[in-house]
Structure formats: structure tokens, C-alpha cells
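A short worksheet on the structure shown next.
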Amino acid sequence: VDCTVETKTCTKYGVSGYPTLKIFKNGAVAEEYNGPREADGIVATMRSKAGPSYRVLNTLADYEKFLEHNDHSIIGMLI
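Numbered per our numbering, the sequence shown spans residues 107 to 185.
And the structure:
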């Protein structure tokens, strides 16, 4: 967001320094980034948040725990 143009949005979310990174979930701020304000730090943080594209669930308990913390999931079973 360009705060010189989108002043209402920046005020609403308390953006006062640049770059600012806010992580949203379901339309609300889920987390604010307070790490280094440099490309390497921001990229490393976002990669850790994105996580792997898959997870191995070996037991029924693993499956149930996974579903508790993940709203949108595609589950596949390989036999």
C-alpha cells in the first residue's frame, strides 16, 4: 500500500514506518512483523509463515490435531 495515496488504510492499521509488514488472516491482522526492515529478514519470515506445501500425518491423532489448527485443508491418503 502506498501510504501517500491510501492514507485512510495506513491510519486504520497504524502504519507509520516503512516497510511495514502485517500478516492478515480472514480479513484481520493476525500478526505484526517486528523483525529486520530489510529484504532478507522479511523474506525469511514470510517463508517460515508459509511453511511447507504439505505435511505428513502418520496417525489419527496427528490428523485430528492438524484439523484443529487449519481451516482450509486438502487431505490425501497414499496407500
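The C-beta atom is built at its ideal place from N, Cα and C for all residues, glycine as well.
- Residue 118 is not bridged by DSSP to any residue.
- Excluding sequence positions up to five before and after residue 172, its CB lies within less than 6 Å of the CB of 163, all in the same chain and listed in chain order.
- A distance below 7 Å between beta-carbons, with the five flanking residues on each side excluded, links residue 138 to the following residues of its chain, in chain order: 128.
- In the structure shown, residue 112 adopts coil according to DSSP, grouped into three states.
- A straight line joining the alpha-carbon of residue 107 with that of residue 153 spans about 21 Å.
- When beta bridges are read from the DSSP output, residue 134 appears opposite 131.
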